[in-house]
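Under UniProt numbering, think of the first position of the sequence shown as 1, with each following residue one higher.
Structure, as structure tokens:
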Amino acid sequence: MAFSERISRLKSSLIREILAAAQRPEVMSFAGGLPAEAMLPKVEWADMPLSLGQYGMSEGEPALREALAAEARALGLPCEASQVLVVSGSQQTLDLAAKLYIDKGTEILLEAPTYLAALQIFQLFGADCLTVPLEADGPNLAQLRQRLEQHRPAFIYLIPTFQNPSAVRYSEAKREAVATLLDEFGVTLIEDEPYRELTFDGGSAQPIAGRLKKSSWIYTGTVSKTLLPGLRVGYLIASPDLFPHLLKLKQSADLHTNRIGQWQALQWIGSEKYQQHLCELRGFYRQRRDAFQSALETHFADLADWNTPQGGLFFWLTLKQPLDTRTLLNTALANDVAFMPGEPFFPEPDRNHGHLRLNFSHIDQARLDEGLKRLAAVVRQAQAAQAA
1 MAFSERISRL KSSLIREILA AAQRPEVMSF AGGLPAEAML PKVEWADMPL SLGQYGMSEG
61 EPALREALAA EARALGLPCE ASQVLVVSGS QQTLDLAAKL YIDKGTEILL EAPTYLAALQ
121 IFQLFGADCL TVPLEADGPN LAQLRQRLEQ HRPAFIYLIP TFQNPSAVRY SEAKREAVAT
181 LLDEFGVTLI EDEPYRELTF DGGSAQPIAG RLKKSSWIYT GTVSKTLLPG LRVGYLIASP
241 DLFPHLLKLK QSADLHTNRI GQWQALQWIG SEKYQQHLCE LRGFYRQRRD AFQSALETHF
301 ADLADWNTPQ GGLFFWLTLK QPLDTRTLLN TALANDVAFM PGEPFFPEPD RNHGHLRLNF
361 SHIDQARLDE GLKRLAAVVR QAQAAQAA
């Protein structure tokens, strides 16, 4: 069959394949970024207007757009509701941005490591993915400047708050420096913040997009990590020069986002019950983070290095004796353990061996210690075989 040229670049999602393989109830999974079922809020539908079963506006429900704009302004992102587009999960933002900017060979700039599904989208459209290494407080600024001096990327894609997969949170100094560099070189920013509300130390910071003075920007978020992933409600807020193009792309993709999910999201955003839910959510995940940290110290202290995440859903481990962690998957699954190898989070996976992303939010705490014990045994066995 005569498929499009881009189909030759189409890759399956390893994380989706792992999640499918981990459906057996006996599997202890650290693989997906799944919220804990116990913390999914109870929702009511009785008061939903019947009219929401009709077609809606491509931009999203007006009241929800107003609420999201108010939340963004409170964070220090100057915007109006007219700049808000409600999307089918923030994943759709990345698809729309790729359609807006990327032709085959278009240069874009990413963190290394970066969000796996963003790589999947950008590479599908043919992007040439340039990277800047992440440090403990954000990107390496010298290498970022060098990249911007030597290239003219169509955009830079960043996850500044509890980054997936590394859990890095940019410092105030790095946020300011990145904004200054993007303004200097006139590079568009795509800022992805799905984990911002999952802070364990109360820390918050103005988005980088709110610090820009010249460059265009797209800021995107979601309710998937704080309410219900099944609602499939996310949003993007864009600088006025970009919004009309993104709206037209949205219209060509799906007409409008699920109105029923939007109504449910509107029952929470900006409300007192939402703030109470977030407070409970942070406390619950902080306890799970602490338990995970303790179990890692027991089973992985001699195997890997890591930083304790101050928010988000993940630990990012760097093995002291590097190996291709993708080769551990089958053995781990045979031992009823699932995890996410680190290699796919890089545009050049074969040059970046030796990392694991482990989710701490979802696994039953009663099974945590046994799961990490088994995973550590798989790593030790592989390293011993490699050294032999």
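Don't be surprised by glycine CBs; every beta carbon is placed ideally from N, CA and C.
Bear in mind the structure is a predicted one, so any value in this text is a computation, not a measurement.
Return yes when the Cβ of residue j is within less than 8 Å of the Cβ of residue i, no when it is not.
| i | j | result |
| --- | --- | --- |
| Met340 | Arg351 | no |
| Pro133 | Gln146 | no |
| Ala265 | Leu231 | yes |
| Ser171 | Asp137 | yes |
| Arg9 | Gln123 | yes |
| Phe345 | Pro165 | yes |
| Val233 | Gln262 | yes |
| Asp336 | Glu26 | yes |
| Ser361 | Ala36 | yes |
| Ile218 | Ala97 | yes |
| Pro139 | Lys174 | yes |
| Ile363 | Met28 | yes |
| Leu116 | Ile7 | no |
| Gly76 | His256 | no |
| Ala81 | Ile108 | no |
| Gln386 | Arg288 | no |
| Ala118 | Thr131 | no |
| Phe200 | Arg65 | no |
| Leu319 | Ala304 | yes |
| Leu148 | Ala177 | no |
| Asp324 | His353 | yes |
| Lys214 | Asp183 | yes |
| Leu68 | Tyr195 | no |
Kindly give me the distance between the Cβ atoms of residue i and residue j, rounded to whole angstroms, as I take these residues to be in contact under 8 Å.
| i | j | result |
| --- | --- | --- |
| Leu242 | Ser216 | 5 Å |
| Asn359 | Gly33 | 6 Å |
| Glu44 | Ile269 | So it is not a contact: roughly 15 Å between Cβ atoms. |
| Leu110 | Cys129 | 6 Å |
| Pro78 | Gly210 | 7 Å |
| Pro41 | Leu227 | 6 Å |
| Gln150 | Lys11 | About 27 Å; that fails the 8 Å criterion. |
| Leu212 | Ala295 | About 41 Å; that fails the 8 Å criterion. |
| Pro39 | Leu281 | Note on identity: in this sequence residue 39 is Met, with Pro being the wrong assignment. Indeed they touch by this definition, with Cβ atoms about 5 Å apart. |
Kindly identify the DSSP beta-bridge partner or partners of residue i.
| i | result |
| --- | --- |
| His355 | Thr318 |
| Leu130 | Leu109 |
| Ile156 | Leu109, Leu189 |
| Pro347 | Looking at the DSSP assignment, Pro347 forms no beta bridge with any residue, so it has no partner. |
| residue 394 | Outside the shown range of the chain (1 to 388) lies residue 394, about which nothing can therefore be said. |
| Val337 | Met28 |
| Ala304 | Leu319 |
| Gly311 | Thr199 |
Cβ of residue i within 7 Å of any heavy atom in the ligand FAD?
| i | result |
| --- | --- |
| Leu303 | The ligand content of the structure shown is nil, which means the ligand FAD is not present either. |
(request) Could you tell me whether the region 309-316 touches the region 152-171, using the rule of 3 or more Cβ pairs below 8 Å? (result) yes
(message) To test your reading of the DSSP string, which unbroken alpha helix (DSSP H) runs of 4 or more residues are found completely within the region 169-210?
(response) 172-185
(request) Count the CB pairs spanning the region 82-91 and the region 54-64 that are closer than 8 Å, and state whether there are at least three. (result) yes
(message) Any contact between the region 365-372 and the region 292-302? By contact I mean 3 or more CB pairs, one from each, below 8 Å.
(response) yes
(request) Could you say if the region 325-341 and the region 216-227 meet the contact criterion of at least three C-beta pairs nearer than 8 Å? (result) no
(message) Contact between the region 325-337 and the region 18-28 is defined here as three or more beta-carbon pairs at a separation below 8 Å; is this criterion met?
(response) yes
(request) Take every Cβ of the region 147-157, pair it with every Cβ of the region 186-196, and state whether three or more of those distances are shorter than 8 Å. (result) yes
(request) Kindly provide the ranges of any beta strand (DSSP E) runs that are 3 or more residues long and lie completely inside the region 18-106, ordered along the chain. (result) 84-87
(message) Report the start-end ranges of each beta strand (DSSP E) in the region 208-283 that is 3 residues or longer and not cut off at the edges.
(response) 217-222, 234-238
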